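Reviewing the structure listed below.
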Amino acid sequence: MVAISKIATGNGHGENSPYFDGWKAYETNPFHPTDRPDGVIQMGLAENQLCFNFVKKWVIEHPEASLCSAQGVNKFKETALFQDYHGMPEFRQAVAKFMGKVRGDRVKFEPDRVVMSGGATGAHEMVAFCLADPGEAFLVPTPYYPGFDRDLRWRTGVELVPVVCESSNDFKITRNALETAYEKAKEANLRVKGLLITNPSNPLGTILDRETLTGIVKFINEKNIHLIGDEIYAATVFTEPEFVSISEIIEEVECNRDLIHIVYSLSKDMGFPGFRVGIVYSYNDAVVSCARKMSSFGLVSSQTQHLIASMLSDNDFVDSFIVESKKQLLKRHKYFTWSLSQVGIGSLKSNAGLFIWMDLRKLLKEKTLEAEKDLWRVIINEVKLNVSPGSSFHCNEPGWFRVCFANMDDHTMEVALLRIRTFMLKHNEAMVPQKLCRRSSLKLSLSRRRDGFMSPSIMSPHTPLPPSPLVRART
Amino acid sequence: MRVIVPLQGVVQGRGGLVLGSIIPCALFYFLQFYLKRNRDDPDDQNESGSPPQNPTTRSSSSEQLPELPVLTRSLSRALLSPRNPSGPVPISTRVSGIVKGADSPYYVGLRRVEEDPYDELDNPNGVIQLGLEENKLSLDLVKDWLAEHASEAMLGNGKELSICGIATYQPFDGLMEFKVAVARLMSQVMEKGVIFNPSQIVLTAGATPAIEILSFCLADTGNAFLVPTPCYPGFERDVKWRTGVEIIHVPCRSADNFNLNIAALDTSFNQAKKRGLKVRGIIISNPSNPVGNLLSRETLYSLLDFAREKNIHIVSNEIFACSTHGNEEFVSMAEIIEPEDIDRKRVHIVYGLSEDLSLPGFRVGVIYSLNEDVLAAAKKLTRFSSISAPTQRLLTSMLSDTRFVQTFIATNRERLQRMYVQLVAGLEKMGIKSIKSGGGFNCWADMSGLISSYSEKGEVELWERLLNVGKVNVTPGSCCHCIEPGWFRICFATLTEKDIPVLVERIQKVLKPVN
Numbered sequence: 001m002v003a004i005s006k007i008a009t010g011n012g013h014g015e016n017s018p019y020f021d022g023w024k025a026y027e028t029n030p031f032h033p034t035d036r037p038d039g040v041i042q043m044g045l046a047e048n049q050l051c052f053n054f055v056k057k058w059v060i061e062h063p064e065a066s067l068c069s070a071q072g073v074n075k076f077k078e079t080a081l082f083q084d085y086h087g088m089p090e091f092r093q094a095v096a097k098f099m100g101k102v103r104g105d106r107v108k109f110e111p112d113r114v115v116m117s118g119g120a121t122g123a124h125e126m127v128a129f130c131l132a133d134p135g136e137a138f139l140v141p142t143p144y145y146p147g148f149d150r151d152l153r154w155r156t157g158v159e160l161v162p163v164v165c166e167s168s169n170d171f172k173i174t175r176n177a178l179e180t181a182y183e184k185a186k187e188a189n190l191r192v193k194g195l196l197i198t199n200p201s202n203p204l205g206t207i208l209d210r211e212t213l214t215g216i217v218k219f220i221n222e223k224n225i226h227l228i229g230d231e232i233y234a235a236t237v238f239t240e241p242e243f244v245s246i247s248e249i250i251e252e253v254e255c256n257r258d259l260i261h262i263v264y265s266l267s268k269d270m271g272f273p274g275f276r277v278g279i280v281y282s283y284n285d286a287v288v289s290c291a292r293k294m295s296s297f298g299l300v301s302s303q304t305q306h307l308i309a310s311m312l313s314d315n316d317f318v319d320s321f322i323v324e325s326k327k328q329l330l331k332r333h334k335y336f337t338w339s340l341s342q343v344g345i346g347s348l349k350s351n352a353g354l355f356i357w358m359d360l361r362k363l364l365k366e367k368t369l370e371a372e373k374d375l376w377r378v379i380i381n382e383v384k385l386n387v388s389p390g391s392s393f394h395c396n397e398p399g400w401f402r403v404c405f406a407n408m409d410d411h412t413m414e415v416a417l418l419r420i421r422t423f424m425l426k427h428n429e430a431m432v433p434q435k436l437c438r439r440s441s442l443k444l445s446l447s448r449r450r451d452g453f454m455s456p457s458i459m460s461p462h463t464p465l466p467p468s469p470l471v472r473a474r475t
Numbered sequence: 001m002r003v004i005v006p007l008q009g010v011v012q013g014r015g016g017l018v019l020g021s022i023i024p025c026a027l028f029y030f031l032q033f034y035l036k037r038n039r040d041d042p043d044d045q046n047e048s049g050s051p052p053q054n055p056t057t058r059s060s061s062s063e064q065l066p067e068l069p070v071l072t073r074s075l076s077r078a079l080l081s082p083r084n085p086s087g088p089v090p091i092s093t094r095v096s097g098i099v100k101g102a103d104s105p106y107y108v109g110l111r112r113v114e115e116d117p118y119d120e121l122d123n124p125n126g127v128i129q130l131g132l133e134e135n136k137l138s139l140d141l142v143k144d145w146l147a148e149h150a151s152e153a154m155l156g157n158g159k160e161l162s163i164c165g166i167a168t169y170q171p172f173d174g175l176m177e178f179k180v181a182v183a184r185l186m187s188q189v190m191e192k193g194v195i196f197n198p199s200q201i202v203l204t205a206g207a208t209p210a211i212e213i214l215s216f217c218l219a220d221t222g223n224a225f226l227v228p229t230p231c232y233p234g235f236e237r238d239v240k241w242r243t244g245v246e247i248i249h250v251p252c253r254s255a256d257n258f259n260l261n262i263a264a265l266d267t268s269f270n271q272a273k274k275r276g277l278k279v280r281g282i283i284i285s286n287p288s289n290p291v292g293n294l295l296s297r298e299t300l301y302s303l304l305d306f307a308r309e310k311n312i313h314i315v316s317n318e319i320f321a322c323s324t325h326g327n328e329e330f331v332s333m334a335e336i337i338e339p340e341d342i343d344r345k346r347v348h349i350v351y352g353l354s355e356d357l358s359l360p361g362f363r364v365g366v367i368y369s370l371n372e373d374v375l376a377a378a379k380k381l382t383r384f385s386s387i388s389a390p391t392q393r394l395l396t397s398m399l400s401d402t403r404f405v406q407t408f409i410a411t412n413r414e415r416l417q418r419m420y421v422q423l424v425a426g427l428e429k430m431g432i433k434s435i436k437s438g439g440g441f442n443c444w445a446d447m448s449g450l451i452s453s454y455s456e457k458g459e460v461e462l463w464e465r466l467l468n469v470g471k472v473n474v475t476p477g478s479c480c481h482c483i484e485p486g487w488f489r490i491c492f493a494t495l496t497e498k499d500i501p502v503l504v505e506r507i508q509k510v511l512k513p514v515n
C-alpha cells in the first residue's frame, strides 16, 4: 500500500501524553449540569470565559465592526480580498497598542514588527523554524506547557533541553539551572540556539521578577543565543506583583536586540482562542521578514483582523476590559484557592494565569511518577475532574497538578469543589475544619452561561480522540 | 552528496576513462565541500544588518519567491564549531535563504503596482495589475448576500449572539457544520453527482497550508514530488520551503498545448530514481495554473494508472473548479476514484474558497482524502493553521443558502467567460496568441515572437519594457518554471471591461518599436 511520511506516522504530535489523556476521558463523558451531572468536569483547558458578557455587549453595540451588519458590509469587498501577509495596518496598530496597554504603557510596540500566525501554536512553531535548524536545540525551564513538545519540535526537527527548576525555591529559574542545562546540551553535542521562557508561567501561574529576567537577559547575551518570551498570559496578572515584560528589561539592561522575540496571542488574555490570533513580535529585522513570509501558512482571517482592529482601537473598552478581566480572575482565584485550603489542599502562590499549580504531594503513596499516575487516575475516574498531572509538564517532582479555573461558570465551580471536598473527606488525609463555609445557595446560574458552554455539542478542540489506554487502565 | 556518474564517452580508453572519472569526481567533491563550508557563512552575514522588506509593499500571500534557493537542512551536530560568543547572531538557514528572492519579477511588479496603481478616473496613467490571481468580478454578489442576511450570518440559528460558539476553542480541523456546508459546495461545484463526504474533509487556513500539510504527510525530507510545468509559483514555498521536500519539474510543451504528458512523467520518475531521489507523488492543478487546461477524463485515468504502477500519491489542486468558463467538461479526481477502490488511498484533493468564492482574505482551505491515515495526521497538523471560528460560522450560513450558491456559480462563470473572451480578442488583434483556457483567471499568452532573444533574458527584458514603458504588470513564464521562453501569464479577473482597450493600447505601444 502507498506509504506516508514519518511525520504523519510518528508520535511528534505529542497526543499520547497524559496531558491529552484527560481530555479524552472528558470527551467520552463531559459534564452537563442537567443532562450529565455525573460527567467529567473539564479543568484541564486553559480557557478564559470570565468576560464573555463584557465582550458580547461590545460586539452587539458595534455592528460596524462585524462585516455581517448593514453598517459593516461596505467594508466587505476590501476585507474579503485582503490576503497580504503584512496584515491590515489597522490590525497591527491595534495589536501593538494593546500589547503596550497590557504592560501599563511602560513600553511601546511598533506595528511593523507585528507578524501574524495561526494562534500561539503557530507562532511558536514559526519562531522555531526561523531561529533553529533541525538537530539544534532550545532550552526550556520546567515545568512547561506540554504543547511545546509538539509546537517546537514536531515539524521543525528542533530538540528541547529542560532547565530543571525545583519546588524548593518555588520553581525559580536560577543561573545555575541555566548553566547546567547549557552544559548538558553541549555534552550531548546539541547546539543551543535559544532559551524559551513563559512569563507569566504556564503551569505555575507565577511571574518572573526583575532580577530573574535581568539574569536571563545577561545569560543569553553571554551565550549569544536567542530569547523567546512567551507572554500570552500577560493580561491575566490579577494582583501584585506587577507584570514585567522582556520588552521592558531590554530598555534597562544592555542587550543585543537581535536576540529578542516575543510570542503573543489573544487566546488567553482576551478569551478568543477560536479566533486563531497568534503574534510573533521580533526585534530582529531578518526574523520579522522571514516570519512574515511564513505567516502565509497561518494568516489571521481578514474578517477577524477587521473585528479585532475595531475592538482594540476602542480605548475605553480595552481599559475597562483589562480591569474587569483582572477583577474576575482575582475573585475566582481567591475563592478557588481558599476553598481548597479549607480541605487541606495547598497550591503554589500565584498571581496570574487561568490555573493553579496544585500541591498533592502528600496524597501520594510514594514519591514516584507511578504514584502520581495512580492518583491522577483516581481523580479522573472517581472524582471525575480532568486535571493535568505535573509529569506531563516535565515537572521533576511528582505530586503537582495543574487545575484550570477560568473556563467554567460559578455553578460548575461549586460542583467541582464539592467533589474535591467529598474526596478529601473520604480519604481522611487532611484536617477538615468543623465549619465548612459553603455558598449559601447553590444557584443554578445558567442564565449567565446559557451561551452553551455546557452544551454537549460544544466539543473540546481535540474531538474526536481515541479513548485513552491510560485512563482505562486500573492498578 | 549525490553519486556521480563518471563522465563517459568524454575520455576514451580505459586508463583515460578512469582518469576522466576520478578527476571530475574529486573536483566535484572538493567543490561540494567548499560550498558546504561557505554555506554556514550566510548565517553570520544575515544578522541585524539585513534591511527589512518595504512594509508598504502589498504582496499577495498566495504566491511566493519563485527563485527560492534550495535550502539544505544542515545538521548542526556535523557542523558544530565554536562560535565567537560575541559574534553575529546565528539564525536558521531558512532565514538566510529568504532574503535573496525579493528581486524576482513577480515581487518587483507587485511593488510597482502598489506604488502607482491604475485607476480609470484618479490615476489613468498608473500601472495596470495583471499579475495578481484574484477574482473581483463577482464579489458584489457575495456582498449583496451579506447585506441581506447580515444578522443570521453571525447568529446562526439562535436569536442571541453566542460568543461561546465563536470565541472558545473549536475543533482545529473545522466545525462539523462548516465541513458539511463545504462538502455540499464542492458537490455543487464539481457536479456530475459526486457526493463529497464531510468526514473526509480537513479544513485549513487557506490552500497554502493545505498543500504544505499534504507535503509533510506524504513525503519525508529529501523525497520529491513531480510537478508538471508551467506551474503555480507558490509551490516552491508551499511544497519545499519548510518541509525539505524537493520538486522535480516535468516540463510540458507548447506543441502539446502544455497538456500533461504521462511519458514525460515516466521519464522524470526514472531519472529521479537514478539520482537516488525517491518520488512520493505527483502534484497537479486542475484546472491548471497558469495555463488553464482542464485535464480530460482519459488523462486522469492514465495518471491514476501511472501512480498505481509507481505506488505513489496524487495531489490534485482543484481550487479553480468553480472558475471554469467555456464549454469544456471539468472532471474532478473525485469522479475517477470509486469509494471501494483500493487506489482511493493515494488520491488527495485540495480545494479552497479563495479563488472560487473570491474570499482569499478569509483563509479557507480544504484537504479532501479517503486515506484515513493521511486525514488523521492532517487533522493534527491543522493545529498550526486553523480557520477562525467567526469566519466559519459566517460562511456556514452563506454556503447553506444553496440557491445563492447556485446563482453565484452560474453568474461567476458567465462573467469570467466574458472577460476572458474579450481579453483574448484584444491580444489576437496584436497578433498575440494564447492557449485556449477552460478555467482559472489567467490567459497564457505566447509572446515568444516578440522577445529580443529566445531566452529567459529576452523574456525578462520584454517583461521590464511592458512594466516600465507600457505600465502593465504581467508575470513572465520563467516565474512559473516554463521551459520555453516568451510565454506570459496575464490575470484578467481583476479587470473591468473598460480596462481591456486601455490594456491593448498600452501593450501595442511597447511592441511597435521591436518590429
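Those protein sequence lines, which keep their order, are chains A and B. With UniProt numbering as the guide, the letters of the first sequence map in order to residues 1 to 475. With UniProt numbering as the guide, the letters of the second sequence map in order to residues 1 to 515. In this text, a Cβ means the ideal position worked out from N, Cα and C, and glycines have one as well. From a predicted model like this one, the values you see are computed outputs, not experimental measurements.
Check the C-beta distance from residue i over to residue j and give it rounded, since I have them as a contact under 8 angstroms.
i: Pro30(A); j: Gly22(A); result: The pair is not a contact, with the Cβ atoms about 12 angstroms apart (cut-off 8 angstroms).
i: Leu260(B); j: Thr299(B); result: 6 angstroms
i: Ile387(B); j: Ala205(B); result: 5 angstroms
i: Gln42(A); j: Tyr26(A); result: 5 angstroms
i: Asn256(A); j: Asn221(A); result: 6 angstroms
i: Ile248(B); j: Ala224(B); result: 5 angstroms
Using a Cβ-Cβ distance cut-off of 8 angstroms, determine whether residue i contacts chain A.
i: Phe216(B); result: yes
i: Thr168(B); result: yes
i: His313(B); result: yes
Going by DSSP, name the residue or residues bridged to residue i.
i: Gly281(B); result: Phe225(B), His313(B)
i: Pro30(A); result: Val40(A)
i: Tyr264(A); result: Ile279(A)
i: Cys443(B); result: Ile490(B)
i: Pro117(B); result: Val127(B)
i: Asn135(B); result: DSSP, once it has assigned bridges, lists no residue as partnering Asn135(B).
Should residue i be labelled buried (16 or more other beta-carbon atoms within 10 Å of its own) or exposed?
i: Glu309(B); result: exposed
i: Trp338(A); result: exposed
i: Pro124(B); result: exposed
i: Asn473(B); result: buried
i: Ser199(B); result: exposed
i: Phe20(A); result: buried
i: Ile128(B); result: buried
i: Ser168(A); result: exposed
i: Arg103(A); result: buried
i: Glu63(B); result: Model confidence at Glu63(B) stands at a pLDDT of 42, short of 50, so the residue's coordinates are unreliable; what they give is reported in the following sentence. Classification for Glu63(B): buried.
i: Asp122(B); result: exposed
Using a Cβ cut-off of 8 angstroms (strictly closer), state whether residue i contacts chain B.
i: Thr34(A); result: no
i: Ser445(A); result: Residue placement at Ser445(A) is flagged as unreliable, the pLDDT there being 43, under the threshold of 50; a coordinate-derived value is accordingly withheld.
i: Ser5(A); result: yes
i: Asn386(A); result: no
i: Asp258(A); result: yes
i: Phe76(A); result: yes
i: Leu67(A); result: yes
I'd like the ranges of any beta strand (DSSP E) spanning at least 3 consecutive residues and lying wholly in the segment 310 to 384 of chain B.
Qualifying beta strand (DSSP E) stretches, in chain order: 313 to 317, 347 to 352, 365 to 369.
Start-end ranges of the beta strand (DSSP E) lying completely within the segment 89 to 122 of chain A, minimum 3 residues
List check, beta strand (DSSP E) in window: 114 to 118.
Which runs of the alpha helix (DSSP H), 4 residues or longer, sit entirely within the segment 226 to 298 of chain B?
If we require 4 residues or more, the alpha helix (DSSP H) runs fully inside the segment 226 to 298 of chain B come out as 262 to 274.
My parser needs the alpha helix (DSSP H) runs of 4 or more residues fully inside the segment 48 to 80 of chain A; what are they?
With a minimum length of 4 residues, the continuous alpha helix (DSSP H) runs that stay inside the segment 48 to 80 of chain A are 52 to 61.
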